[in-house]
Structures are given as structure tokens and as C-alpha cells.
Amino acid sequence: MATSSPSNETIPNVVCTGCALLCDDIFVEMEDGSFKQGVNACNRGWKKFQYYLNELVPLNCQQRPGKQGGDVVTYDDALAGAVSILQEAKSPLVYGFASSSLEDQQAIFELAEKVGAQLGGPAFQTLIPFYTQAINALLYTGTLAEAINKADVFVFWNADPLESHPRLLSKVIYSRGFFRITGYEVKKYIVIHPSDPDKFRGTTLGVKVPPEIEQELINALRASIVAGAPADAPAGVDKAAFEKLASLLIDAEYAIFFLDKSTLRSDSSSPLLTDLAGLVADLNQKERAMLLPLAEDLNSMGLFLHSLATGRFPLAEVDWEHVDAIMVGGVEETTELPPQLLSAGKSVPLIFLPQEEMILAKSADIIIPVAAPGITDGGTAARFDGVAVPLKKVAEPKNAAPTTLQVITDIIARLSA
Amino acid sequence: MGNVSTLEIYKLTPKTNCKQCGKETCMAFSMALAKGELQPEDCPPLLEPKFATQLQQLKVLLGTVKKAGGGTTEIDSEKCDGCGVCVVVCPVAARVEFNTLSGKGPCFPPDEHVVYQVVQGKCKVLKLDHCRRFESTGEEANCRICEKVCPQKAITIHE
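Chains V and P, in that order, give the protein sequences. Following numbering that gives the first Met the number 0, the numbering of the first sequence begins with 0 at its first residue and continues without gaps. Following numbering that gives the first Met the number 0, the numbering of the second sequence begins with 0 at its first residue and continues without gaps.
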């Protein structure tokens, strides 16, 4: 329950949308209608609140004929322009929407179905290969709550949690948990990374593993787990470190492997993910283990869940050659946009639904600014472990920007009329 | 010990005027402590567990025991990224803010004992008074867990 008057209030249990960890313990303090402070949010999360609530320059709906200029138009006119582009397109692409709510994404899937669009975005290049291969190799996955409360061994495979999910360590390594009443004293924090292990502070074990020998390492670990004793260390991996790693995994009661996007993006022909899933399956023959992909954008996981729900699995790689119109939304300044998108966006009509000012707007033909989920819009998002988290609207959007759901629903209605 | 006032000492006594120390009042006992005529252990009630904190503080005040912890805590806000590890790992927070058991941040405003909270994306020392280095005895008074585990090496405890 918010306290004090509407313009000066403390809003509890706000969900941070800075990353896919979706921390739900944030207190947002508003003063005279402006964001005063965010409590418990990490620096990345705090900056996002600060940006959207205080610094964001209000955007307007625009039509940019020939991708030039920027005539401010009404919402209705911008909508008409977007509908016209989609009606004329034979092979449109709907791209991004990993930073949109589950409700927005559901509408996006409906729109893509209606106009026969390809779906694309960074999320599809990571989560779909992961789950496809993990399911093929017997999927063992679980939730953050299990990681906090039950696990004792945490392996960050190629992952740097401080970079991708700043509060993840405090949640899984240093928390005590409700079913495991000791914290870091008994938990094992392992990093397997191509960088120098000294970079990661507080680890039980850091193992430097160049990408080219990851496969051999997994095979040696699988052999160790089956035999119940460390096998021979693969060439290129420190022998003592390997033996310690193998012993920690053999003795683990509940091991969790966190995988970041670099592993998730491994070539689909590479058996790395399948082998990691196999390693986890081997561990499950004795105790419990799981794989958790570290999705980054606030709701990448939602796109994957919608894929499962609709049976519409986008290709991990977009067929750029035939794209003749693009709609982009649910992306942020930090989202990695592929060069093909930037290049295609210059030559085919582009509808852009920005939550903030972005360079991509320069390639857009139609711009319809939208509210930001979890800050100026509510909705629900799927955390990186797939658990649905209700987002809290903290303030009204600047320039009364509509929600993505509103825009997509209006487009679908006009297309159906 | 020359700068320690009798009143400061008196504040840490049981104030029961039980006379077990041989003095008529706790104030008289405080004056004897200030002059070095008596030791804190000469007061039997102070040896009871419920006065353990006062006894420790009294010893520190009188200089009869070297303060194991104390000091100051400095946070390098350039390095700190607000990951909240210090908040969660702090034994004081674990005792008074149960949210931290599951890796969450404390309430806001937090319990008065909470030492750290992340505000504006950076860790902030709210109050060192209840840090183990000030309130505990023995090994616990040497607690440096926040400094030890901070992933960004942003915390420094100065003795």
C-alpha cells in the first residue's frame, strides 16, 4: 500500500525492470510527482527509474515520409500509417518486444499471425536454441526460489552475474534461504569462464576455460560424475582446479548451472548446450541439478512462453532477404540490434514503437511512442526462470503515451475492419 | 581514560544502587571506575548476560580492553554497483529483517538496527551503531564479512 499523498508517496514492492531478475522489493519514493529515490534497486535498476521518471524527453507520434523530417501527427494518423504499411507488406517482420509485458507480447503474436509476419529478436537467438536442445536432452530446470532455498552448488558457466544480473549473487549465494538455513558458509560459488578467475571475487572456485575446450571439460566432468571420482583433467585446464570442480559436483546436493547469452547463442550445430544438459541429467541420477538460462531483457522469457503456448516458434535467424516491412518495439537503448535490422530499416518501411529516444528512430517511417512496462505501464512479465511477476505502474507516461497493448490492439482492430 | 566523564560511565552501569560493589550508589561506583580504583567486573550485575553489551562498552570506554572492532566503514561509490551483497550477508540484517534471508532488501524505512541499505543504486551505511564491530564481543567484534565478500571491493573498514 502506498503511503502519503499521491504526489508525495512511497510505493512499496515495485518490480525493477532493469533486467530479467525482476526484483520485487523496490521502494519508490515520489516527491511532488517526481521520482525522488529508489530503495533496494541496484545501480542499473535505479538508473532506469531515474531515466523514465525524471529524464525522459517526451516523444510524439511522428510520420516521416521517406524517412526524412519528423512531422508530429495525431495518434490516429500514426496508427493509420502503420496499418497501411502492414497491409501492403508481403513479408513483414515483427522484431523485439522482449522488454514488453506478457499481455503486450500476446497481442504481438496475434498481430504477427494476422499479417503473416516473421517474429525476430535477440531473445529468439538465445532461449529457443537453449530450450530446444535442453528438451531434447531431458530438460532439468527450475526456479529462482529453488536456487535460493535449496541449492548448495552454483556454477556460472561463461556467465558474469554482476554484469548481467547485478543482484543475482546476493539472492543465490549470500542469501540463507528458508529451507537451507546457512548461507554463503556452505554454498559453493563456482565460475567457469575464459577470463582470469581472479576477476570474480568470493568464489569457492574459479576455473579458466577457453571456449575451445569447454566440450572436453564437460565430457571429463560427465565421466567423473558417472565414476564418482575425478577423471583425468582435459588438456588446457588446471589439474588441481579440475579435480576440485569434479569433487564439488560429485558431492553436490543440488547444483545449479547458470548459462548466459554467450553460451545460449552457441552455434546450433554445436553440441555444447546438449552436452551441458547431459551433464545435468547425469547429476540428476544421484542428486538434484538444473540448468537456468540467464535471459537478459526484462521479458525475453515471455516471448518464449508465448512460443510454447501458440506453437508458433520463430526462427532463431530472421530471413532478412525477403523482409519488406518491419515493426520494432519493446527494445531499449541497451538492446543489441543486429546490423541486418539497421540496414533493412533504411530500405524498407519501419514502424517503431519506442519507449525511449533511440537512434533507430532515424530509420523509422512511423513513430508511436509507448509507455514502459513496470514504470509507466503495468502488466505481467516472466522472470528469467519463467515465473510470472506482476509489474507495478509507478507513474503516468509522459505525453500520455499509450501502452503497447493499446497500440497493437488498435492496429489489429483496424486491420480487421 | 582522562577524557572519560563519570556521567558517561554511569550511563553504562545497571543503575540499581545494589551496593554489591561496596559503593553506596552506581554513581559512586562510576567515580571509582573513573579513578581506576575499581574494575567493571567488580559490579556483579554487570556480569549478567543481559548487561553483556554494557559491560563490553564500559571496558572499551575505560580502555581496559582493546576494542576489537569499531572503526569506520567507507564505501567507494564509484565501485559500488548496488548489488546488495553487503545488505544480505550482514548478520545484523539477517536477525532483524527476515526478507534478507531470501536475498531481498530490507523494508523502507528499515529496522533501526539495519547497517546497510541500497539507496539510489549505491550501498549506504545507515547506522554503524548496531554493527557487530560495535555491539558484539570476541570474534564477532572482528566481523568484516561485508568487506570480505563485496564483489566490487567497494567496502573498506578502517580500524
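Just so you know, even glycine gets a beta-carbon here, dropped at the ideal spot from N, CA and C.
Under DSSP, V327/V forms a beta bridge with Y94/V and F351/V. In this structure, S299/V lies away from I127/V, with their beta-carbon atoms at least 8 Å apart. Within the DSSP bridge table, the entry for C41/V names G120/P as partners. M357/V sits in coil when the DSSP states are folded into three classes, being neither helix nor strand. Taken in chain order, the whole beta strand (DSSP E) runs of length 3 or more contained in the segment 29–116 of chain P are 71–74. Shown here for L390/V: same chain residues with a beta carbon closer than 6 Å to its own, the five before and five after excluded, namely V14, P372, G373, G377, G378 and A380 in chain order. Linking L20/V to C106/P through their CA atoms gives a straight-line distance of about 19 Å. Taking 9 Å as the cut-off between beta carbons, none of the residues of the segment 213–243 of chain V comes near chain P. If only complete runs of 4 or more residues are kept, the segment 51–124 of chain V shows the alpha helix (DSSP H) at 74–87 and 101–114, in order along the chain. Within the same chain, Cβ atoms closer than 8 Å to the Cβ of N148/V are found at G176, F177, F178 and R179, the five residues on either side in sequence being excluded. Shown here, A245/V sits in a helix according to DSSP, grouped into three states. In the structure shown, the three-state DSSP call for D296/V is coil. Within the DSSP bridge table, the entry for H192/V names K207/V as partners. Its Cα nearest to that of E356/V, the residue P57/V stands out among S174/V, Q105/V, F155/V and P57/V. At least one CB of chain V lies nearer than 8 Å to the CB of C82/P. By the C-beta criterion, the segment 44–58 of chain P is judged to be in contact with the segment 6–17 of chain P, since at least 3 inter-stretch pairs fall below 8 Å. Contact note: Q116/P reaches chain V through V38 and N39, using a C-beta cutoff of 9 Å and chain order. When DSSP states are grouped into helix, strand and coil, I8/P belongs to the helix group. Counting C-beta atoms within 10 angstroms of its own C-beta, S174/V has 16 or more neighbours from the protein chains shown and is therefore classed as buried. 8 Å or more divides the Cβ of L272/V from the Cβ of F383/V. V152/V counts as buried, since no fewer than 16 other beta carbons sit within 10 angstroms of its beta carbon. In the DSSP assignment, I255/V falls within the unbroken beta strand (DSSP E) covering Y253 to L258. In the DSSP assignment, E28/V falls within the unbroken beta strand (DSSP E) covering I25 to E30. Proximity of the segment 281–294 of chain V to the segment 213–226 of chain V meets the contact definition, three or more beta-carbon pairs being nearer than 8 Å.
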